[in-house]
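Protein chains in written order, with full-length UniProt numbering: chain A, 1 to 344; chain B, 1 to 344; chain C, 1 to 344; chain D, 1 to 344.
For glycine and all other residues, C-beta sits at the position ideal for the given N, C-alpha and C.
Treat the numbers as computed from the prediction; the structure is a model and nothing was measured.
The structure under discussion appears below in the form of structure tokens.
4 protein chains.
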Amino acid sequence: MKAGVIGATGYGGAELLRILQSHPTFQIESVYSSSQQGKSIVDHYPHLTDIVPMTLEEIDPAAIAQKLDIVFLATPSGVSSEIAPLLLKEGCTVIDLSGDFRLKDINDYEDWYKKKPAPQEWVDQAVYALPELNRSSIKDTKFISNPGCYSTATLLGLAPLVRQGLIEEKSVIVDAKSGVSGAGQTASFHTIYNELNENFKIYKVNAHQHIPEIEQMLSSLGYESPITFNSHLVPMTRGIMATIYATLKSDISQEEINKVYNDFYEDEPFIRVRKNGIFPATKEVYGSNFCDMGISVDTRTGRVTVVSVIDNLMKGAAGQAVQNANILFGLEETAGLHFIPVYP
Amino acid sequence: MKAGVIGATGYGGAELLRILQSHPTFQIESVYSSSQQGKSIVDHYPHLTDIVPMTLEEIDPAAIAQKLDIVFLATPSGVSSEIAPLLLKEGCTVIDLSGDFRLKDINDYEDWYKKKPAPQEWVDQAVYALPELNRSSIKDTKFISNPGCYSTATLLGLAPLVRQGLIEEKSVIVDAKSGVSGAGQTASFHTIYNELNENFKIYKVNAHQHIPEIEQMLSSLGYESPITFNSHLVPMTRGIMATIYATLKSDISQEEINKVYNDFYEDEPFIRVRKNGIFPATKEVYGSNFCDMGISVDTRTGRVTVVSVIDNLMKGAAGQAVQNANILFGLEETAGLHFIPVYP
Amino acid sequence: MKAGVIGATGYGGAELLRILQSHPTFQIESVYSSSQQGKSIVDHYPHLTDIVPMTLEEIDPAAIAQKLDIVFLATPSGVSSEIAPLLLKEGCTVIDLSGDFRLKDINDYEDWYKKKPAPQEWVDQAVYALPELNRSSIKDTKFISNPGCYSTATLLGLAPLVRQGLIEEKSVIVDAKSGVSGAGQTASFHTIYNELNENFKIYKVNAHQHIPEIEQMLSSLGYESPITFNSHLVPMTRGIMATIYATLKSDISQEEINKVYNDFYEDEPFIRVRKNGIFPATKEVYGSNFCDMGISVDTRTGRVTVVSVIDNLMKGAAGQAVQNANILFGLEETAGLHFIPVYP
Amino acid sequence: MKAGVIGATGYGGAELLRILQSHPTFQIESVYSSSQQGKSIVDHYPHLTDIVPMTLEEIDPAAIAQKLDIVFLATPSGVSSEIAPLLLKEGCTVIDLSGDFRLKDINDYEDWYKKKPAPQEWVDQAVYALPELNRSSIKDTKFISNPGCYSTATLLGLAPLVRQGLIEEKSVIVDAKSGVSGAGQTASFHTIYNELNENFKIYKVNAHQHIPEIEQMLSSLGYESPITFNSHLVPMTRGIMATIYATLKSDISQEEINKVYNDFYEDEPFIRVRKNGIFPATKEVYGSNFCDMGISVDTRTGRVTVVSVIDNLMKGAAGQAVQNANILFGLEETAGLHFIPVYP
């Protein structure tokens, strides 16, 4: 099957190329860029020398529809909202990695993204696809909205508790930390090496745009109240950890909680629940599509702490996008995603 | 005044030397080590070449009492408990940087440190000294127990809310992050560079020994319930950020909270409350004795988020120890502590 | 074919597992450790959860010979010299990643490694295998000595110049820099995070044990004089850059040198020579088996500068070992080594 | 004495403020910026909160001459060449930290900087000031050109060898490495965190603009040939190491060389020559004005290796500028520069 990547010069785009290049079914047919067309992708990314010898093409929706079986949109929020409809109208199958089609209420989008939302009709058609939580909705669609990185780590960490009705409403607090690659390639005083190295920062305090996305999905799982969520920048490139706090409704033991998680994720190829008393570090999923978890019941406070880690560019972006593409086309869900974490 | 540092080869010890070497009143008279006596300190710390040309001495309490006006104990927990009493019996003035004399209930010490506690009589004599919160207890004592690094960042962040009675019991959650220097010089598989670089870890989940210390002080400030607290390792050397969450008792505006903090810390030379909407990063206090803060009221959830940062080796250890020594001897509280953050 | 890894808990061992686990021909049959036998490898390396579910076995040469087609010895210098002979006597095919069998003159080994050398008879049988330079010697052997990481980067960078007789004797200076993973898992004051982060160090000044190894191979390529070589530690985990300086014998232009390199490495799947004026950074080979190069002729001084980068755990250790194993068994040389650099 | 800093929002400017703020004689009177005038410096640098409460002023040469005793120009190359003459015409005493007045031959400037040079008349008046090498020229001048960071580390490392005539012409190779703060605050794809973290890069291969500056000074010391020099970016913020190679003219022992260095720098307060066999790491001078060195004679090759480290923002920029200012005004040379390295 022929695949294309729009926004191939971004980090999400580069990660898609890394995955697709060795995918058993998808084949990289074309790469696109709105700003660097005509340039070789190797000029931007020397690490792809001899591997992806392609020239960045102009985005021509009709030609794309003709040529490709699937298009990955690795463009930033505010850009996908313009390109996706053009592609969909031509009949393309589209997986969008941006935040533009995740929020069903376009007013929420305006409030949190401070940008013009995508047209409601296309938002309505997009399937928000987090396979472990709504796999059945993904098959046979043509337009997938890929979840955000923080949302993925948080929702996978919370889902067993919420689905089993174990935690109190209004009790969820998520303290999330991300490597800097989540910020992409925007060059500003705030993203240069000197400002971030040997430094730890909080940003978008109580205002991160993944909050409504998480709440929307939590609501569908049965948790109806707003959450407290904060995001921090860690001086490293890849990796997200969400440290999740919630109040347990009743006395439930560590062993019972462990069992809930193990049962919930028993058949999931990309979820690894650590043994009792062990908690994952971000490097243990580096470069892979895994989401690893550890859970601790604190009897002193009646709260549970869930630690959930992913590689933000893999399970948090490109890896999950390919996982969704696999499901959409009825392929083996893990096809092309057998990456072992690079350690150390 | 003649000062000595016991445990001078540790990082807390090195930081004490950096401060004391340019202190207007204290003068480094002797440095001590239980394991490296007879060795020049420069052999361990080449950065002190030509600056601290001393040889590490054996710990002889009687001789120390004779010679020194003040002794800083920069030894680890479990060691201070043995050395401090010997020094105190000889009449020394002691500032202990370890955790051995912080918890008034020695059963708590055993539970959280999993070590044999110091004798109750000496624990009783120790003054837990966090100047901004209990300055008046510090003067004219002979034995100071210096607060822990996480405790300092957390307590300074929470104090205005607790003292003003603004937050609900049982609502405090502290998600704390530290640079690796807090782990000292213990060499193990878990502290080598390769295991920590480009990695983010949680450790001692719901079990950090600073929890009872924080709760003990919070209780004296008027907050009586257990807190949820977790600690993480950031791939950087220095710096702590405590991200603190609590539920507000009533509708209180961002402006009112800002005023509470500004009033509370108005005359404090080492506390810097950021302007509304601005939050500190750890590097903004690097190498200095400042504790910087930012506060955010989240009207969606009724919670407040307080961000508190310190340099763990300064305000979190050596800097605060010298601040306490200044108070104890009636010196200018900021004497020898005018370090400007090293930035970038 | 059944493969085993001895020393599987080291970083070289972990990297071998990452490669072999997806190798089309080799299959990980057993993993061995001299110190942790009986323990699950996942207990040491949680990142291998659900991937390498094996228990570390005791090293029993006879059983290993019975069971395995090939054994990778990822043990440190001084250990391989004892284990390899036992395996070879039993008829095993062995690829040794240590330095114990690289130096043909065992007196050199003693001088540079300051350890007891391996028996001369086994050293004589070992084939030093750097495929791009002596591929033909590798086939049909049973005992391969895998080159050192610095040696690989340096020799591949120098080979075209030396083979073409372009540089003057006595003119080679190699200034090499490595990420910390080259130091393995030895835990000491000098390898802890705090001592290496935000720091740049030189070590083993003019005394690195890879010097005689490089000189031995250079001699076989036609360069007979000693080289100046120094090694530095970079605060990062993976990657080596060798910056190589040599005096050109005659006026030779940048274009001519470029052609020499392009011709020399034209058919090599793992060597990527950059375009004129472009030089590789270490991250451009991260996690892959590539060696990337850039060359600059300095007409002011009559010297050439060659920049050669590898991932020290891949082309500098495990990747090259598998490449050698592929050659040895007549497999496709790139089998199981199609790793795209992980970027960023 | 009243001091001003032009270009105070740059990193060199920030470091000047850190030094001057506690200087016994100089007092920060005004700070200037060409682009951010009217803004508080704290808005750009929150770490200066409560310390440097100034507003950035417009650059008015006449007013500056009226008001200030000394002006530090911490502006980039290409900017100083325009501002310095305006200040000098008004009679200001100026210390310029840029490269604009270092090269006596303005054609060299054009060749290496690829920018329009400063007027020859002003270049002629500038005194290139590296105190340890030409202290006597510095007193009683009004216009100082402060050396480059790489130049400082390299020249101090080479000077004893060159002055004593110990090394052969045409033999010097300098392999230099710098933390990223040397690149300042320019925001581009190449300076963002993600491109530099966990990466090691060479740049300006055989083309760094400090080459002619080093050669100009070496020439005045007695070494007349061009040098080979390369610069690399280390994933850290501060610190430079120059690894220097040269061929010894005759058999000279390690002990003799050590004596040469110890004698040469015996009375220098900021130079620390390590004991035989010990080599400095960059962190050992972090935040201080020291230049630390180690020397190794390699009898195998007849070469000497000199390792020279500085903090690029201190001895490589702001620290040296203040040292020069001290000399210029006849103050104690170390005044305001007693910074102990921040370690770890």
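Does the beta-carbon distance from Ala176 of chain A to Ser231 of chain A come in below 8 Å?
yes
Which residues in chain C have a C-beta closer than 8 Å to the C-beta of Pro226 of chain D? List them in chain order.
Chain C residues near Pro226 of chain D: Arg300 and Thr301.
Among residues of its own chain, excluding the 5 on either side of Tyr150 of chain D, which ones have a beta-carbon nearer than 6 Å to its beta-carbon?
Cβ within range, chain order: Ala176 and His210.
Among residues of its own chain, excluding the 5 on either side of Gly4 of chain B, which ones have a beta-carbon nearer than 8 Å to its beta-carbon?
Ile28, Glu29, Ser30, Val31, Tyr32, Ile64, Lys67, Leu68, Ile70, Val71 and Phe72
Give a yes or no on whether the minimum CB-CB distance between Gln216 of chain D and chain A is below 8 Å.
no
Between the CA atoms of Leu218 of chain D and His338 of chain C - distance to the nearest angstrom:
A straight-line Cα-Cα distance of about 49 Å links His338 of chain C and Leu218 of chain D.
Going by DSSP, which residues form a beta bridge with His232 of chain A?
A:Lys177 and A:Ile202.
In whole angstroms, what separates the C-alpha of Asp292 of chain D from that of Arg272 of chain D?
5 Å
Is any beta-carbon of chain D found at less than 8 Å from that of Gln21 of chain B?
yes
N- and C-terminal bounds of the beta strand (DSSP E) containing Lys2 of chain B
Lys2 of chain B -> beta strand (DSSP E) spans Lys2 to Ile6.
Is the beta carbon of Leu221 of chain B closer than 8 Å to that of Arg303 of chain B?
Annotated as distal: Arg303 of chain B and Leu221 of chain B, with beta-carbon spacing of 8 Å or more.
Below 7 Å on C-beta distance, what does Met314 of chain A contact in chain B?
Those within 7 Å of Met314 of chain A in chain B number zero; the least Cβ separation is about 15 Å.
Nearest neighbour of Ile167 of chain A, chosen from A:Ala246, A:Val127, A:Phe200 and A:Phe143 [CA to CA]
When only C-alpha atoms are compared, the closest one is A:Ala246.
Residues in the region 179-202 of chain C with C-beta within 7 Å of chain D's C-beta atoms, listed in sequence order?
Asn194, Glu195, Glu198, Asn199, Phe200, Lys201 and Ile202
Whole-Å CB distance - Tyr11 of chain C paired with Gln185 of chain C, under 8 Å assumed:
7 Å
Can you confirm whether Thr237 of chain A, when its beta carbon is compared against all beta carbons of chain D, has any partner nearer than 8 Å?
Yes, Thr237 of chain A counts as interfacial toward chain D.
Are the beta-carbon atoms belonging to Pro344 of chain D and Val307 of chain D less than 8 Å from one another?
no
Excluding sequence positions up to five away, which residues of its chain have a Cβ less than 6 Å from the Cβ of Asn262 of chain D?
Val273
Along the chain, where does the alpha helix (DSSP H) containing Met217 of chain D start, and where does it finish?
His210 to Leu221
Inter-residue spacing [alpha-carbon to alpha-carbon] between Gly165 of chain A and Thr154 of chain A
17 Å
With distances taken Cα to Cα, identify the nearest neighbour of Tyr286 of chain C among C:Leu103, C:Lys170, C:Ser181 and C:Leu88.
C:Ser181
Give the residues from the UniProt domain "Semialdehyde dehydrogenase NAD-binding" (2-141) of chain C that approach chain B closer than 9 Å (Cβ to any Cβ), ordered along the chain.
Close to chain B, meaning a Cβ-Cβ distance shorter than 9 Å, are the following residues of the UniProt domain "Semialdehyde dehydrogenase NAD-binding" (2-141) of chain C: Tyr11 and His44.
Buried or exposed by the 16-neighbour rule on C-beta atoms within 10 Å, applied to Arg18 of chain B:
Around the Cβ of Arg18 of chain B, a 10 Å sphere holds 16 or more other Cβ atoms; the residue is buried.
Does the beta carbon of Asn206 of chain D come closer than 8 Å to any beta carbon on chain C?
yes
So what's Ala74 of chain D in DSSP terms, helix, strand or just coil?
coil
According to DSSP, is Gly277 of chain B helix, strand or coil?
coil
Please confirm whether Met293 of chain B has its beta-carbon closer than 8 Å to some beta-carbon of chain A.
no
Considering Cα atoms alone, identify which of A:Ile6, A:Ile214 and A:Leu233 is closest to Ser225 of chain A.
A:Ile214
What is the residue span of the beta strand (DSSP E) that Ile144 of chain A lies within?
Phe143 to Ser145
Per-residue contacts from Val297 of chain D into chain B (C-beta, under 9 Å)
Neighbours of Val297 of chain D across chain B, judged by C-beta separation under 9 Å, do not exist; the nearest C-beta is about 21 Å away.
Identity of the residue in B:Lys201, B:Leu86 and B:Leu328 nearest Thr282 of chain A by Cα
From the listed residues B:Lys201, B:Leu86 and B:Leu328, the smallest Cα separation to Thr282 of chain A is found for B:Lys201.
In terms of residue numbering, what span does the alpha helix (DSSP H) encompassing Gly157 of chain A cover?
Cys149 to Arg163
Can you find the residues in the same chain that come closer than 6 Å, C-beta to C-beta, to Glu169 of chain A, ignoring five residues on each side of it along the sequence?
So the qualifying residues of the chain are Ser225.
Are Leu328 of chain D and Ile144 of chain D closer than 8 Å when you measure CB to CB?
yes
Going along the region 277-288 of chain A in order, which residues come within less than 9 Å of chain B, judged by CB to CB distance?
Gly277, Phe279, Pro280, Ala281, Thr282, Lys283, Glu284 and Tyr286
For a contact defined as C-beta to C-beta under 8 Å, what are the partners of Arg272 of chain D on chain B?
Per Cβ cutoff of 8 Å: Thr49 and Asp50.
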